[in-house]
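Numbering (my numbering), first residue to last: 11 to 98. Positions of the beta carbon are idealized from the N, C-alpha and C atoms, including for glycine. A short write-up of the structure that comes next.
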Amino acid sequence: MSYNPAPRPARADDDLIAAALAAVQLYLEAEQTDMAEDASRRTAWQAAALAAAQGVSPVRGATASNWRTIERAGRAARWSAGMLGTFD
């Protein structure tokens with residue numbers, strides 16, 4: 011009589027592996043979507059505070075670094091060509 015304390019694991023077939031990878035991919039996509047939604051809801055004040063916390067120096071150049079400029083840059087980042095962008 012032989013005793014095997016660790017039975018041999020069942021071999022995973024291709025369908026099981028594909029299902030597991032698809033589940034992980036869906037989980038990661040949902041997590042990234044949540045992060046993108048959180049980032050898009052930032053106000054100009056929050057964006058400026060984030061830049062200051064990261065040690066980014068103020069812009070020195072032709073464009074003044076003020077709240078109006080920061081808000082305009084935030085709107086430009088969220089801008090979409092809409093219907094016209096499909097005709098490229």
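Contact between TRP77 and ALA54 holds: CB atoms are separated by about 5 Å, below the 8 Å threshold. Under the criterion of beta carbons closer than 8 Å, ILE27 and ALA57 do not qualify as touching, at roughly 42 Å. ASP24 and ALA30 have their C-alpha atoms roughly 10 Å apart. In the DSSP assignment, GLY84 falls within the alpha helix (DSSP H) that extends over 77-88.
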